[in-house]
Structure formats: C-alpha cells, structure tokens
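Colleague: Position 60 of the sequence shown, counted from 1, bears residue number 90 in my numbering, the numbering being contiguous throughout. Virtual Cβ for every residue (Gly too), placed ideally from N, Cα, C. Predicted model only: the values in this text are computed from it and were never measured.
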Amino acid sequence: MTAILLSEVGLRDGLQSINRVMPLAAKQAWIAAEAAAGVREIEVGSFVPASLLPQMADTAALVAFAKGIPGLTVVALVPNARGAERAAAAGVDAISMPFSMSETHSLKNVRKDHAGVLVEIAATARIAADAGVHFAVGLATAFGCTYEGHVPEDRVVRLAEAARAAGAKEFSLSDTTGYADPAQVRRLVRRVHEGVGAALTTLHLHNTRGLGLANVVAGLEEGITTFDASLGGLGGCPFAPGASGNIVTEDLAFMLHAMGYDTGIDLDALLAVRAIIAAALPGEPLYGFTPDAGLPLGLRERLA
Ligand code: ZN
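So this is what it looks like as structure tokens:
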C-alpha cells in the first residue's frame with residue numbers, strides 16, 4: 031500500500047480564521063487525541079505577533095506540548111525570518127513559510143513583495159539549517175487569487191525555482207482561495223515537478239467550491255504524497271475574502287482508506303476527535319460528510 035501523509039493544519043489555518051480563541055487546554059487535547067488516532071504531522075500554530083492573531087499567541091506552549099508526543103512531527107507556520115527564529119527556539123521539527131504567488135495577496139498577507147519574501151526565505155533557510163529544522167515553503171494562491179484572479183503557471187514555476195535557490199527544501203502548492211480544479215492541479219503539479227523535482231511533495235487544498243477531494247485525487251495521480259487538511263473543515267484565510275474551508279480531515283482519511291492508501295490513521299479514533307472541537311467552540315460550524323454518515327458497513331472488516 032502506498033503511504034500517504036495527512037498533515038493536520040486545523041490548529042493553524044482553521045483557528046486563525048475564527049475570532050474566538052480556543053483555550054490552550056482544548057488545543058492540547060485536540061493535538062493529543064489526533065496524534066493518538068495516528069496522525070503523524072500537525073501544524074500546531076504560527077509565530078506571528080499576538081497583536082495580529084491572538085488566536086496563535088500560545089504557539090510556543092503548544093510546540094513544547096506536542097514535542098512530548100513520540101513520533102509526531104511538529105510544524106509551525108512563520109511569516110518571516112523573525113518568526114522562524116522564534117519557531118526554532120521553541121523547538122519545532124519543521125517550519126512552513128507561505129510565499130504568495132500573487133504579489134497583491136503577498137503584500138496584504140505578509141506586507142512584502144516577491145523580492146522581499148525571497149530575502150526572508152534565504153534568511154529562514156540559514157536559521158533552519160543552523161537549528162537542524164526542516165524548512166518548507168507553501169506556494170500560496172498558486173491556483174488563483176481573490177485580488178488578482180488568474181495566476182500564470184509560468185510565474186509559479188519561476189518563483190518555486192527562485193525559492194529553491196534561496197534554500198527552501200520542500201514545497202507545497204496551496205489553493206488558498208479554493209479556485210483549483212482537478213485538470214489545473216494535474217497540470218501545475220506536473221510543471222512544478224519539472225521545475226523543482228521531488229521537492230514538491232504536498233498539496234494544501236480548500237473545499238470552497240466543493241472540489242477539494244477531486245483535487246486530492248488529481249494530486250495522488252501525479253505523485254503527491256502529503257495532503258494538508260483540517261479537522262471539521264475549519265479554516266480559510268483572513269486575507270483572502272470568501273476563501274473558507276480547508277478540506278476535511280475526516281473525509282480525506284476515509285477516502286484514502288477506501289482507495290487502499292496507508293495513512294496509519296484509525297478512522298473511528300479520528301472521528302471521535304471532533305467532539306473536542308465542538309465542546310471548545312460551541313456553535314462553530316463543523317463540516318464533513320463522513321462524520322455525519324458514519325463509515326460504510328464492511329469497511330472496517332475490509333481494511334482489517
Ligand atoms: Zn489554507
């Protein structure tokens with residue numbers, strides 16, 4: 031069975047788009063339960079100023095907590111090299127930095143143009159290398175932008191190559207705005223693979239228009255091995271209006287299992303994690319079909 035890594039990003043991408051702050055104890059319970067269900071990588075938060083995103087103010091404490099869980103890869107998002115220094119000091123396993131392919135979105139999101147972000151990538155690559163931390167760059171708005179609309183594929187390839195030259199070790203293609211369709215995913219993954227080779231491992235997809243899982247299948251067929259997802263479909267981008275809803279971890283895990291991929295996840299245990307979020311954020315909409323419908327009769331036996 032082909033192994034696929036499911037990377038939980040709900041604690042970062044999900045919670046940053048919700049105004050309420052989830053208490054630290056609830057975040058810790060979420061991380062512990064999802065890791066116990068077999069999820070091997072969790073992005074626990076981001077190192078941004080607490081004045082900008084108070085929801086992420088406890089990220090260092092979460093890194094310390096998550097590092098106590100054996101076998102879990104602990105990831106944090108950073109907007110710049112200063113954030114990377116804080117992440118490395120907190121002891122993360124991996125740093126993820128967004129690089130928006132739309133310069134307009136980049137200026138709104140991290141207040142830097144492309145040249146400015148490449149300077150931060152080079153500085154972060156040095157910080158990560160010194161700290162022995164993995165460094166990945168997320169090519170954000172790669173499939174389209176709510177400010178600029180169409181994003182040329184040539185530009186995505188060129189900027190990925192520039193980021194690799196600046197020291198990025200791994201890449202994801204991020205559909206920040208939920209614009210992607212399966213044909214486009216297939217095409218852009220192929221083109222970026224030609225540009226940076228096997229360093230492109232990951233897709234970060236949103237389900238804004240209902241194409242999230244169809245886009246996953248397109249990525250699987252092009253050799254993508256890591257998919258970001260958010261428990262209960264929490265998520266969005268505060269600087270990309272109307273872009274809500276990461277792909278749902280529970281539905282993604284069910285689909286991968288049903289298709290015969292190995293994720294290492296116990297589906298029943300994963301479905302039970304949802305109750306922690308529901309209790310900590312009462313009234314917050316949670317998404318996903320599998321949690322409502324339950325697992326198909328016979329699936330457990332077939333997978334056993
Ligand atoms: Zn996202």
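At the level of alpha carbons, what is the spacing between I125 and L327?
Modeller: Along the sequence shown, read from residue 1 onward, the residue named residue 125 stands at position 95. Along the sequence shown, read from residue 1 onward, the residue named residue 327 stands at position 297. Each residue's alpha carbon lies about 40 Å from the other.
Colleague: Less than 8 Å between the C-beta atoms of A166 and R194, yes or no?
Modeller: The residue given as residue 166 occupies position 136 in the sequence shown. The residue given as residue 194 occupies position 164 in the sequence shown. Cβ atoms of A166 and R194: not closer than 8 Å.
Colleague: Return yes when the Cβ of T206 is within less than 8 Å of the Cβ of H236, no when it is not.
Modeller: Taking the first residue of the sequence shown as position 1, residue 236 is located at position 206. Taking the first residue of the sequence shown as position 1, residue 206 is located at position 176. Yes; because the gap between Cβ atoms is below 8 Å, this pair is in contact.
Colleague: Just mark N139 as buried or exposed, buried being the case when its beta carbon has 16 or more other beta carbons within 10 Å.
Modeller: Locating residue 139 in the sequence shown gives position 109, where the first residue counts as 1. Per the 10 Å Cβ criterion, buried.
Colleague: Less than 8 Å between the beta carbons of M131 and V181, yes or no?
Modeller: Along the sequence shown, read from residue 1 onward, the residue named residue 131 stands at position 101. Along the sequence shown, read from residue 1 onward, the residue named residue 181 stands at position 151. Yes, these two residues count as a Cβ contact at 8 Å.
Colleague: Is there at least one non-hydrogen atom of the ligand ZN closer than 7 Å to the beta-carbon of T206?
Modeller: Taking the sequence shown and counting its residues from 1, the one referred to as residue 206 is at position 176. At least one heavy atom of the ligand ZN is nearer than 7 Å to the Cβ of T206, so yes.
Colleague: Can you give me the Cβ contacts of V226 inside the same chain, cut-off strictly under 7 Å, excluding the 5 residues immediately before and after it?
Modeller: For the purposes of this step, residue 226 is taken as the residue at position 196 of the sequence shown. So the qualifying residues of the chain are A190, E191, R194 and F201.
Colleague: Can you tell me whether G272 is buried or exposed? The criterion is at least 16 other CB atoms within 10 Å of its CB, across all chains shown.
Modeller: Locating residue 272 in the sequence shown gives position 242, counting from the first residue. Because the pLDDT of G272 is 49, which lies under 50, any placement of that residue in the model is unreliable, and the number read from its coordinates should be weighed accordingly. Flag for G272 reads exposed.
Colleague: List the residues that DSSP assigns as beta-bridge partners of T231.
Modeller: Along the sequence shown, one-based indexing puts residue 231 at 201. In the DSSP output, where bridge partners are listed per residue, T231 has none listed.
Colleague: Looking at the structure shown, is L286 part of a helix, part of a strand, or coil, going by DSSP?
Modeller: The residue given as residue 286 occupies position 256 in the sequence shown. Of the three classes helix, strand and coil, the one that applies to L286 here is helix, per DSSP.
Colleague: Looking at H236 and the ligand ZN, is the gap between the Cβ and the nearest heavy atom below 7 Å?
Modeller: The sequence position of residue 236 within the sequence shown is 206, counting from 1. Yes, Cβ of H236 sits closer than 7 Å to a heavy atom of the ligand ZN.
Colleague: Are the beta-carbon atoms of T293 and I34 separated by less than 8 Å?
Modeller: In the sequence shown, the residue the question calls residue 293 occupies position 263. In the sequence shown, the residue the question calls residue 34 occupies position 4. Yes, the pair counts as a contact, with Cβ atoms nearer than the cut-off.
Colleague: Looking at the ligand ZN, does it come within less than 7 Å of N276, judged from the CB to the closest heavy atom?
Modeller: Taking the first residue of the sequence shown as position 1, residue 276 is located at position 246. Yes, the ligand ZN has a heavy atom inside 7 Å of this Cβ.
Colleague: Look at the alpha carbon of G98 and the alpha carbon of G324, and state the distance between them as a whole number of angstroms.
Modeller: Position 68 of the sequence shown, counted from the start, is the residue given in the question as residue 98. Position 294 of the sequence shown, counted from the start, is the residue given in the question as residue 324. Looking at the two C-alpha atoms, the distance is approximately 32 Å.
Colleague: Quick check on DSSP: helix, strand or coil for D184?
Modeller: Residue numbering aside, residue 184 sits at position 154 when the sequence shown is read from its first letter. Residue state, collapsed to three classes: helix.
Colleague: Nearest to E252 by alpha carbon, out of E71, A55, V219 and V122?
Modeller: Start at 1 with the first residue of the sequence shown, and residue 252 comes out as number 222. Looking at the Cα atoms, V219 is the closest of the given residues.
Colleague: Could you name each continuous beta strand (DSSP E) segment of 3 residues or more that falls completely within the stretch 110-163, going from the start of the chain to the end?
Modeller: Counting only runs of 3 or more, we get 124-130.
Colleague: Name the DSSP bridge partner or partners of S81?
Modeller: Against the sequence shown, residue 81 aligns to sequence position 51. Answer by DSSP bridge pairing: none, since S81 is not bridged.
Colleague: Here's a check: name, in chain order, each residue in its chain whose Cβ is nearer than 6 Å to the Cβ of A153, leaving out the five neighbours to either side.
Modeller: Residue 153 sits at position 123 when you count from the first residue of the sequence shown. Only A111 meet the Cβ criterion.
Colleague: Mind checking who A259 pairs with in its DSSP beta bridge?
Modeller: Within the sequence shown, residue 259 is the residue found at index 229, counting from 1. Its beta-bridge partners are E38.
Colleague: If we ignore side chains and look at the alpha-carbon of each, how far apart do L301 and E280 end up?
Modeller: In the sequence shown, residue 301 corresponds to position 271, counting from 1. In the sequence shown, residue 280 corresponds to position 250, counting from 1. Spanning the two alpha carbons is a distance of roughly 6 Å.
Colleague: Put D211 into one of helix, strand or coil per three-state DSSP.
Modeller: For this step, residue 211 is matched to residue 181 along the sequence shown. Here D211 sits in coil by DSSP.
Colleague: Determine whether the beta carbon atoms of S76 and Q46 lie at a separation below 8 Å.
Modeller: Walking along the sequence shown from the start, residue 76 turns up at place 46. Walking along the sequence shown from the start, residue 46 turns up at place 16. Contact: yes.
Colleague: Report the option in V186, S204 and R116 whose CA atom is closest to the CA atom of V163.
Modeller: Along the sequence shown, read from residue 1 onward, the residue named residue 163 stands at position 133. Of the listed residues, the one whose Cα sits closest to V163 is R116.
Colleague: By Cβ distance, which residues of its chain are closer than 6 Å to A158, with the 5 residues on each side in sequence left out?
Modeller: The residue you call residue 158 lines up with position 128 of the sequence shown. I125 and F165, listed in sequence order.
Colleague: Please tell me whether, using a cut-off of 7 Å, the distance from the CB of G265 to the nearest non-hydrogen atom of the ligand MG is below it.
Modeller: The model on display carries the ligand ZN but not the ligand MG.
Colleague: For G272, does the three-state DSSP call read helix, strand or coil?
Modeller: Reading the sequence shown from its first residue, position 242 is the one you call residue 272. Unreliable placement is indicated for G272, whose pLDDT of 49 sits below 50; the coordinate value is still reported in the next sentence. In this structure, G272 counts as coil in the three-state DSSP scheme.
Colleague: Is the beta carbon of T238 closer than 8 Å to that of G208?
Modeller: Walking along the sequence shown from the start, residue 208 turns up at place 178. Walking along the sequence shown from the start, residue 238 turns up at place 208. Yes, these two residues count as a Cβ contact at 8 Å.
Colleague: Can you find a heavy atom of the ligand ZN that lies under 7 Å from the Cβ of D43?
Modeller: As a position in the sequence shown, residue 43 is number 13, starting the count at 1. The answer is yes for D43.
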